[in-house]
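J.:
Protein chains in written order, with the working numbering: chain A, 1240 to 1651; chain B, 5 to 411.
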C-alpha cells in the first residue's frame, strides 16, 4: 500500500510532501501561546498554527470552525500533492483521527444557551459539536464518497487513523483512503488539561518539551492537521502516481493498563510492533529509524522505550535511530501522521531524520537517539512509526522505500 | 484466500425498556412506545421536551454510581453480550473492542460547566469528568474491564456510529486481525444533543412518527447495544451457538450536506448495494429492512427512495424502532442491529408505533400496530448519520440455531 500524497498544517508550516523535509529541519515551533490568555495557569507554551486564510476561500473563512479549517486545508493539500482532483478517485475513503474534535464549538454552543436560553442556540454551530464534522466537511470538499470514519483516541488518534485507513484498503472497501489527524489548541481544553496536570510543567522545573530526557515533565500541546493518501499499488500505478513510500506493516492493539495510565513493566509486551514487522516480513535489525510518540510524560516515555527495547534490544549506536516530533510541533492528533509523512518523505525519500533538538540526559541508556540532525545516519530503507497512548492504545506502522519493498517481493 | 465468515454469538442491550435483551425484545414486539418527559435535565422553553430515557434503576446502579451515565449503560450491555456468548476470560483476551460513540461523558461535564457558568462554582470533584468526556472513554473502560489486547477503537459517524462499529469489527475478523470482537454503540442523553436537535427544529413535540404522513420530526433516546462477533470456525470450535451470520455491510458517504441526507438517497442506496454485493446476495433475498426511520420529513423520504432503488417497490417489510425507543444516537445502529438479529432468530418483525396514516409517498409496507410473524432468510439494518454517513448491515438467519421461536 503506497503513500502517494501529503498535506500538512502545523506550527512548522503549511505544505505538501516536498515541504516536509524543510519543515522538519526547522527550529522547534513551540512558544508562548498568543491565541488566548494563559495568565494564572501553570502552562503557557504551545505550538500554534499561523494564518490559514491564504488557503481558504472567504466563505470557508467565514463558515468553517477553526479545526474544520485545519482539516479541510490538509486534506486538500494532500490530494493536490497526489495529483488528484476532487471527485476523481472513485470510492475515495477518508479517515480522520482526533482527540478533542471541535470542543470549542461545543463550548460556544453551550454558552449561547446559558446566556440567552433556547433563543441563544445556534443551529449553525450544533453540527460541529459532533466529532465527525471535520471529516464530513472535508469529504464534501473533496467529493469523497467512499467509507468515511472519524477515530477518537487520546494521544495516537492520527496513527490509529492511518492504521484504520490501511484496514479499509486491506478489506477491499476503498482503493484509496485519505488518512489524517487533526486537533486545535482550544482555550477550555488547554486550561483544563493544565489544571489536571497533564501538561508541562508537572511539579517543579521549567516548562518545555523534552521527551526521553530526565528533564521531561509533561507534554506541550500543539495543533494542526496532517493527512496522507494511501493507495493500493494498482490504483497508484493506474494513474501513474508518484510514490513516497510503501506502508508494508500495520498493527494496532491494546496493552491492558490502568485508567489514563500505562501498563506495568510486566505487561509491556510489544506484540503490536512484532505484528507490524511480521506483516512486512521484516526483522527488527532491518529497521533503520523509529518515530516515537515521545509525549514528554516521563512515565510514558519510559514505557515506550521499554517496548522498543524489548524488540530491538539496547545495542546503543548500532540500533535504530530514535526520534519524536513533539519538541518541534507540539502534541496533537496530526503529529502521528506528520511522523508518517516525515518517515516517507524526509527519512526514506531524503535520508533525513529530524533530531530530538535538546536531548541532554536520556532516561534510558542503550538507545541511538537522533540528536544531530540526521548527519551520519544510515541511508534508511525501513522506518517504524510507533504510537503509544494513555490507557494502553498501541499502534505500529512500518514504512519502506517503495522500490525496495517491491523488488524484494518480486524476487521472492 | 477465502475470508472467514463472521457470526454473532452474543448480544447485550441497555435500552429505555430496561436492562437486557429480553426486556428490549419484549418491549419492541409489544410495540410499547417509551418516549416521555425528560427528567435528566431542564427542558423549559424547548419545542420538544420528551425523550426515551433508560429507567433509573438500570442507569444508576449503586455499584457504579460514580461512573458517567454513558459508561454505566455500556458496561451493562457489554457484560450481557459477553456472558451471552459464553466467553471465558482467556477466550475474550484477544478481542478487538470497537465502540461507536458521540456524547461520551458529556452529560457529567455539562453538569460541571452549567454550575461553573451560572453560579461560579468550580466543583473540583465534577471537574474530573473531563477525563471521561471523550467518546473514546467507553472503549477505554471496556478494554480495561475485560483486559483485552486486540484493537481498541472508537468511531464517530454521528447516528451511524453503532452500526459502523459492528461493520468495522467484522472487517477485523475477515482480514485476520483478530478472531473475535466486541462491538456496538452507546450514548446517554446530553443537554447539548437535546438542545441542538431542538435548535435545528428536528424534534417532534410528540413521540416521533416514522413513515407517517403527518410526521414532524424525531424523538431522542439513550442506550447501549453490543454484539460479540466471531470467526464462524472459531465459534464452532468452542461450541458456541451463533444467532445469525453478519453476511456483509456497506459504508458510504453522501459528500452532499452536513445535516441533510442526499435527497434521492443515492449514498444510502450505495451502502445497501455494497452490503448485498459483498455478501453475494441478490436484493430479492432480503425480506425485511430495519429502517433508520427517524421521523423527519427528509430522512424518511430519502431512505424510502434509496430502499426503492435497491429492492424495488413493495418488496420488503419495514420497521422503525425509533418510534418506540427514540433515536439513541450512537447506540441506535447497534440497538437496531440487535433488533434485526432477534427478528431473524424469532421470525417476528416488531411494529412501528404511532403510524396512523402511512405516507403515500413511501411505497413499502411498514409493520404497524402489532408485530408480524414472518419467515426471513436475510434482513438489513440501515443507519444514516449527519455528514452523510450511510451504513447498511446485512444479516443472514442460521437455520435451526439459537433462539426460541424460529418460525
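All C-beta atoms in this analysis are idealised placements derived from N, C-alpha and C, irrespective of residue type, glycine included. In this text the structure is predicted, and so the values were computed from the model without any measurement.
Hey, is residue 1630 of chain A's beta-carbon within less than 8 angstroms of any beta-carbon in chain B?
T.: Closer than 8 angstroms to some Cβ of chain B, the Cβ of residue 1630 of chain A qualifies, so yes.
J.: Among residues of its own chain, excluding the 5 on either side of residue 1472 of chain A, which ones have a beta-carbon nearer than 7 angstroms to its beta-carbon?
T.: 1241
J.: For residue 1653 of chain A, which of helix, strand or coil comes out of DSSP?
T.: Since the first residue shown for chain A is 1240 and the last is 1651, residue 1653 of chain A is missing from the structure and cannot be characterised.
J.: The alpha helix (DSSP H) spanning residue 118 of chain B covers which residue range?
T.: 110-123
J.: Whole angstroms is fine: what's the gap from residue 340 of chain B's alpha carbon to residue 389 of chain B's?
T.: Between residue 340 of chain B and residue 389 of chain B, the C-alpha separation is close to 14 angstroms.
J.: Between residue 209 of chain B and chain A, is any beta-carbon pair separated by less than 8 angstroms?
T.: no
J.: Assign residue 156 of chain B to one of two classes, buried (16 or more other C-beta atoms within 10 Å of its C-beta) or exposed (fewer than that).
T.: buried
J.: Listing by chain order, which chain A residues have their CB less than 9 angstroms from the CB of residue 326 of chain B?
T.: Ordered by position in chain A, no residue passes the 9 angstroms Cβ test against residue 326 of chain B, which lies about 18 angstroms from the chain.
J.: Measure how close the beta-carbons of residue 1511 of chain A and residue 1561 of chain A come, nearest whole angstrom, since I'm counting them as under 8 angstroms.
T.: Not quite, the Cβ-Cβ distance comes to about 17 angstroms (not below 8 angstroms), so this is no contact.
J.: Are residue 1376 of chain A and residue 262 of chain B touching if we call contact CB-CB under 8 angstroms?
T.: Yes, they are a contact pair.
J.: Under 8 angstroms between beta-carbons, which chain B residues line up against residue 1369 of chain A? List them in chain order, please.
T.: Using a Cβ-Cβ cut-off of 8 angstroms, residue 1369 of chain A is close to 106, 160, 162, 390 and 391 of chain B, given in chain order.
J.: Which complete beta strand (DSSP E) runs does the stretch 331-396 of chain B hold, if anything under 3 residues is left out?
T.: The DSSP assignment places complete beta strand (DSSP E) segments of no fewer than 3 residues inside the stretch 331-396 of chain B at 382-389, in order along the chain.
J.: In angstroms, rounded to a whole number, what distance separates the CA positions of residue 1490 of chain A and residue 148 of chain B?
T.: 19 angstroms
J.: So within the stretch 1575-1649 of chain A, which uninterrupted beta strand (DSSP E) runs reach at least 3 residues, ignoring any that extend past its ends?
T.: 1621-1627 and 1632-1639
J.: Cβ atoms of residue 337 of chain B and residue 221 of chain B: under 8 angstroms apart, would you say?
T.: no
J.: I need the straight-line Cα distance from residue 1615 of chain A to residue 1558 of chain A, nearest angstrom please.
T.: With a pLDDT of only 42 at residue 1615 of chain A, under 50, the local geometry of the prediction cannot be trusted, and no value is derived from it.
J.: Where residue 1465 of chain A and residue 264 of chain B are concerned, what is the direct C-alpha to C-alpha distance, given to the nearest angstrom?
T.: 28 angstroms
J.: Between which two residues does the beta strand (DSSP E) harbouring residue 1526 of chain A extend?
T.: First-last for residue 1526 of chain A: undefined, no H or E at that position.
J.: Can you have a look at residue 124 of chain B and say buried or exposed, based on whether 16 or more other CB atoms are within 10 angstroms of its CB?
T.: exposed
J.: In chain order, what residues of the stretch 1375-1398 of chain A put their CB closer than 8 angstroms to some CB of chain B?
T.: 1375, 1376, 1378, 1379, 1381, 1382, 1383, 1384, 1385, 1386, 1387, 1388, 1389, 1390, 1391, 1392 and 1393
J.: Whose C-alpha, out of A:1395, A:1494, A:1300 and A:1386, is nearest the C-alpha of residue 396 of chain B?
T.: A:1386
J.: Could you tell me the distance, in whole angstroms, from the CA atom of residue 1390 of chain A to the CA atom of residue 1337 of chain A?
T.: 6 angstroms
J.: Taking the straight line between their C-alpha atoms, what separation do you get for residue 1576 of chain A and residue 1410 of chain A?
T.: 21 angstroms
J.: When the distance is taken between beta carbons, is residue 191 of chain B closer than 8 angstroms to residue 234 of chain B?
T.: no
J.: Applying a beta-carbon distance threshold of less than 7 angstroms, which residues of chain B neighbour residue 1365 of chain A?
T.: 200, 203 and 204
J.: Should residue 1495 of chain A and residue 1264 of chain A be called a contact, given that it needs their Cβ atoms to be closer than 8 angstroms?
T.: no
J.: Please identify the residue among A:1431, A:1334, A:1267 and A:1578 whose C-alpha is closest to the C-alpha of residue 1408 of chain A.
T.: By alpha-carbon distance to residue 1408 of chain A, the top candidate from A:1431, A:1334, A:1267 and A:1578 is A:1334.
J.: Would you check if the stretch 1314-1322 of chain A and the stretch 1278-1289 of chain A touch, i.e. whether three or more CB-CB distances between them fall below 8 angstroms?
T.: no
J.: Once you ignore the five residues that flank residue 1548 of chain A on each side, which residues in its own chain have a CB closer than 8 angstroms to its CB?
T.: 1603, 1605 and 1606
J.: Can you tell me where the beta strand (DSSP E) with residue 156 of chain B in it begins and where it stops?
T.: 156-159
J.: Whole angstroms is fine: what's the gap from residue 1297 of chain A's alpha carbon to residue 178 of chain B's?
T.: 45 angstroms
J.: Against chain A, with Cβ distances strictly below 8 angstroms, would residue 175 of chain B count as a contact?
T.: yes
J.: For residue 122 of chain B and chain A, any beta-carbon pair shorter than 8 angstroms?
T.: yes
J.: Using 8 angstroms as the cut-off, can you tell me whether the stretch 1578-1590 of chain A makes contact with the stretch 6-16 of chain B, which would need three or more C-beta pairs spanning the two stretches below that distance?
T.: No, because fewer than three Cβ pairs between the stretch 1578-1590 of chain A and the stretch 6-16 of chain B fall closer than 8 angstroms, the two stretches do not touch.
J.: Just tell me which of A:1516, A:1404 and A:1309 has its CA closest to the CA of residue 176 of chain B.
T.: A:1404
J.: Quick one: is residue 1499 of chain A near chain B, going by C-beta distance under 8 angstroms?
T.: yes
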